[in-house]
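Q: Here the sequence shown stands for residues 1 to 255, where the numbers follow this note's numbering.
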Amino acid sequence: MIISHDVSGSGPAVVLLHSAVCDRRMWDPQWQWLVDAGYRVVRCDFRGFGDSPLADGPYSDAGDVLALLDHLGIASAALIGASHGGRIALTVAALRPDAVTALALLGAGMPGHEPSETMRAFGAREDELLEAGDVAGAVGLNVETWLGPEAGEEARESVRRMQRHAFEVQAEATFGPDREEVDLARITAPTLAIAGAHDQPDFREIAAVLPALIPNARHVELPWAGHLPSLDRPQEVAGLLVGFLRETVGGTTEV
Numbered sequence: 001m002i003i004s005h006d007v008s009g010s011g012p013a014v015v016l017l018h019s020a021v022c023d024r025r026m027w028d029p030q031w032q033w034l035v036d037a038g039y040r041v042v043r044c045d046f047r048g049f050g051d052s053p054l055a056d057g058p059y060s061d062a063g064d065v066l067a068l069l070d071h072l073g074i075a076s077a078a079l080i081g082a083s084h085g086g087r088i089a090l091t092v093a094a095l096r097p098d099a100v101t102a103l104a105l106l107g108a109g110m111p112g113h114e115p116s117e118t119m120r121a122f123g124a125r126e127d128e129l130l131e132a133g134d135v136a137g138a139v140g141l142n143v144e145t146w147l148g149p150e151a152g153e154e155a156r157e158s159v160r161r162m163q164r165h166a167f168e169v170q171a172e173a174t175f176g177p178d179r180e181e182v183d184l185a186r187i188t189a190p191t192l193a194i195a196g197a198h199d200q201p202d203f204r205e206i207a208a209v210l211p212a213l214i215p216n217a218r219h220v221e222l223p224w225a226g227h228l229p230s231l232d233r234p235q236e237v238a239g240l241l242v243g244f245l246r247e248t249v250g251g252t253t254e255v
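#1: Less than 7 Å between the CB of L54 and some heavy atom of the ligand SAH, yes or no?
#2: What is the C-beta distance between R40 and S76, in whole angstroms, given that I count them as a contact (C-beta under 8 Å)?
#3: Please identify the residue among T91, A151, L69, G226 whose C-alpha is closest to the C-alpha of A13.
#4: Give the secondary structure of V255 by DSSP, where H, G and I count as helix, E and B as strand, and everything else as coil.
#5: Within a Cβ cutoff of 6 Å, which residues of the same chain sit near V15, ignoring the five residues on either side of it in sequence?
#6: Any idea what DSSP makes of A93, helix, strand or coil?
#7: Check D56 in the structure and name its three-state DSSP category.
#8: Under 8 Å Cβ to Cβ from V92, same chain only, skipping five residues before and after it: list those, please.
#9: Quick one, which of R186, P58, P229, L240 has its alpha-carbon nearest F203's?
#10: Quick one: using the 10 Å Cβ neighbour count with 16 as the cut-off for buried, is M110 buried or exposed?
#11: Who are the near neighbours of P115 in its chain, counting only those whose CB is closer than 8 Å to its CB and skipping five residues on each side?
#12: Taking a contact to mean a Cβ-Cβ separation below 8 Å, would you say A193 touches P215 in this structure?
#13: What does the alpha-carbon distance come out to for the pair A173 and Q163?
#14: What does the alpha-carbon distance come out to for the pair N142 and H71?
#15: Can you tell me whether S19 is buried or exposed? The criterion is at least 16 other CB atoms within 10 Å of its CB, across all chains shown.
#16: So what's R233 in DSSP terms, helix, strand or just coil?
#17: Look up R87 in the DSSP assignment and say whether it is helix, strand or coil.
#18: Would you kindly work out how many angstroms separate the C-alpha atoms of V242 and A132, rounded to a whole number?
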């Protein structure tokens, strides 16, 4: 199965990978910016999110991304990943270093990371709400946990819709994605690890440690951001991403 996706523009390929509280619509604010900046932009829904159905057998999110690139005839691409999408971007880049030209990670997870007590408590509370049938409560918990103080009501409502849809679809899930263990030192792509100062400690620590694990990585912390900076200050993050892509993979058009 090829996961649901959109493609637009021309130039170096850029693939957008969403967080686990969203789907590919989270990139609406950056989509046209990247297309206008001279990139062939792809965004996709992981299985059980957005328009991609649940899996009917074992699968890998990273494997799905690589299959999508093959389907589109893209030999190599820059990957931009948020949270869960960042973990998948790291996995793809470690499995297939030749297929990844650059990595921009926003509040990324990391393969092999052991969650802190704070994150385990969050997961337990989410499970408790869902098991009680309180989907609205679980949605609200995620919105309040993952959006930063500068996120507007439009962004909050968008995340509510995306997270509710994911919960409703995934309630019927039989299979979850495989979690590959990979060697991050195999990554050769220039990497920008972005953290938000208002994010949970796990994700701030991951962003800070990545330069010690990946040969060509640098770390930036945004003092105003939460876990999903692209939804807190969409235009500022679009400019940051375009600047990084111009440094690493080029581009053709001024924005």
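C-beta atoms are modelled at their ideal positions from N, C-alpha and C, and glycine is treated no differently.
A: In short:
#1: In the structure shown, the ligand SAH is absent, as is every other ligand, since no ligand is present at all.
#2: Within the sequence shown, the letter at position 40 stands for residue 40. Within the sequence shown, the letter at position 76 stands for residue 76. With a Cβ gap of about 12 Å, R40 and S76 do not count as contacting.
#3: Position 13 of the sequence shown holds residue 13. Of T91, A151, L69, G226, the residue nearest in Cα terms is L69.
#4: Against the sequence shown, residue 255 aligns to sequence position 255. Summary for V255: the model assigns pLDDT 45, below 50, so the residue's position carries little reliability; its value from the coordinates is reported in the next sentence. Looking at V255 - three-state DSSP - the assignment turns out to be coil, as it is neither helix nor strand.
#5: Counting from 1 along the sequence shown, the entry for residue 15 is found at position 15. Excluding positions up to five away in sequence, the list reads V42, A77, L79.
#6: Taking the first residue of the sequence shown as 1, we reach residue 93 at position 93. Of the three classes helix, strand and coil, the one that applies to A93 here is helix, per DSSP.
#7: Here residue 56 is taken as the residue at index 56 of the sequence shown, counted from 1. Coil.
#8: Looking up residue 92 in the sequence shown gives position 92. Within the same chain, V92 has close Cβ partners A62, V65, L66, L79, A99, V100.
#9: On the sequence shown, position 203 is the one that residue 203 refers to. Closest option to F203, Cα to Cα, is P229.
#10: Along the sequence shown, one-based indexing puts residue 110 at 110. Classification for M110: buried.
#11: Counting from 1 along the sequence shown, the entry for residue 115 is found at position 115. The residues are G123, D202.
#12: The residue you call residue 193 lines up with position 193 of the sequence shown. The residue you call residue 215 lines up with position 215 of the sequence shown. The Cβ atoms of A193 and P215 lie no closer than 8 Å to each other.
#13: In the sequence shown, residue 173 corresponds to position 173, counting from 1. In the sequence shown, residue 163 corresponds to position 163, counting from 1. Answer to the nearest angstrom: the Cα atoms are 15 Å apart.
#14: For the purposes of this step, residue 142 is identified with residue 142 of the sequence shown, where counting begins at 1. For the purposes of this step, residue 71 is identified with residue 71 of the sequence shown, where counting begins at 1. Cα to Cα, N142 sits roughly 33 Å from H71.
#15: Counting from one through the sequence shown, the residue named residue 19 turns up at place 19. Flag for S19 reads buried.
#16: As a position in the sequence shown, residue 233 is number 233, starting the count at 1. The answer is coil: DSSP assigns R233 none of H, G, I, E or B.
#17: The count along the sequence shown starts at 1 and reaches residue 87 at position 87. Residue state, collapsed to three classes: helix.
#18: Within the sequence shown, numbered from 1, the residue matching residue 242 stands at position 242. Within the sequence shown, numbered from 1, the residue matching residue 132 stands at position 132. Answer to the nearest angstrom: the Cα atoms are 43 Å apart.
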